[in-house]
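Numbering (the UniProt record's numbering), first residue to last: 1 to 264. Note that the Cβ used here is the ideal one computed from N, Cα and C, for glycine as well. Some notes on the structure that comes next.
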């Protein structure tokens with residue numbers, strides 16, 4: 001599932017393939033931008049911003065994409081066999097040596113670089129960005145103390161890069177039920193620091209690990225309804241949580257390690 005670490009790796013790999021290179025092909029398979037052709041133009045750089053990715057073409061334009069749930073970018077040697085069917089491709093860029101393909105992208109659009117801040121400026125501090133600011137992330141989280149922490153962590157306006165896997169694992173590691181109001185979280189600064197540490201540790205890995213073990217069980221509770229909590233063995237509860245019906249996301253927690261607050 002694409003989260004901030006996935007997008008960071010995609011930006012790194014695309015930047016290696018495209019930075020300073022002239023495009024020999026540009027095929028954008030999104031109707032609104034199908035006539036855009038950057039052939040002959042040079043890619044300045046590729047950067048990640050939370051879960052967003054920006055491919056900057058010279059000093060003027062950016063190819064702005066978001067992976068959503070299914071999207072991914074692949075880099076192939078020019079002429080190499082694709083690992084996904086061609087009908088799923090939304091963007092194809094080529095240089096003299098490489099073919100870069102964006103498959104099933106959540107969205108893709110072309111924007112002037114001068115409008116990048118309008119496109120991604122609403123995001124909170126980027127957990128993997130050079131300007132990561134834990135205090136600003138905490139300020140944004142604390143601005144709505146009644147909001148369940150399981151929703152606040154997933155809100156990219158608070159801090160950018162956390163997806164559903166990290167949301168579940170962070171609540172577990174902090175010993176907090178996902179419905180605990182932000183204002184009642186026992187150690188919110190530690191949770192934010194842990195989020196930063198986990199994404200930093202995992203950004204170079206193909207397998208996301210929160211337990212410290214890449215060989216056995218990489219996650220504590222996420223997806224473990226059939227196996228139980230890795231720490232205590234209690235049956236993991238699977239539910240859904242979102243701000244509305246359209247934004248419901250699967251949630252996992254251990255009722256023993258993450259007891260609900262006693263409201264009596």
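According to the DSSP assignment, residue 252 belongs to the beta strand (DSSP E) that extends over 249-253.
Annotation: the segment 131-166 contains the following complete segments of the alpha helix (DSSP H) (minimum length 4 residues), in chain order: 134-142 and 149-152. DSSP, read as helix, strand or coil, puts residue 236 in coil. Under DSSP, residue 61 shares a beta bridge with 57 and 112.
When the beta-carbon positions are compared, residue 62 and residue 125 stay at least 9 Å from each other. Secondary-structure assignment with DSSP links residue 26 through a beta bridge to 93. Beta-bridge analysis with DSSP links residue 13 to no other residue. Residue 8 carries a helical assignment under DSSP once its states are collapsed to helix, strand and coil.
Separation of residue 164 and residue 47 (C-alpha to C-alpha, rounded to the nearest whole angstrom) is 22 Å. Contact between the segment 207-225 and the segment 175-184 is absent, with fewer than three C-beta pairs closer than 8 Å. Ranked by Cα distance from residue 16, the options 255, 166, 154 and 97 are led by 97. Taking 9 Å as the cut-off, the beta carbon of residue 152 is found closer than this to the beta carbon of residue 144. For residue 74, the uninterrupted beta strand (DSSP E) run begins and ends at 72-77, by DSSP. The beta carbons of residue 146 and residue 51 sit about 26 Å from each other, so the pair does not count as a contact at 8 Å.
Sequence-distant Cβ neighbours of residue 259 in its own chain, meaning closer than 8 Å and more than five residues away, are 177. Per DSSP, reduced to three states, the secondary structure at residue 85 is coil, with no helix or strand assignment.
Using a Cβ distance threshold of 9 Å, residue 3 and residue 54 do not count as a contacting pair.
DSSP lists 52 as the beta-bridge partner residues of residue 49.
Counting every other CB atom within 10 Å of its CB across the protein chains shown gives residue 172 a total of 16 or more, marking it as buried.
In this structure, residue 57 keeps its C-beta atom at 9 Å or more from the C-beta atom of residue 35. For residue 189, the three-state secondary structure derived from DSSP is helix. Under the DSSP definition of a beta bridge, residue 98 partners with 77. Counting only residues of its own chain and dropping the five nearest sequence neighbours on each side, residue 228 has a CB closer than 7 Å to the CB of 234, 235 and 236. Excluding residues up to 5 positions away in sequence, 221, 229, 234 and 236 lie with their Cβ nearer than 6 Å to the Cβ of residue 254 in the same chain.
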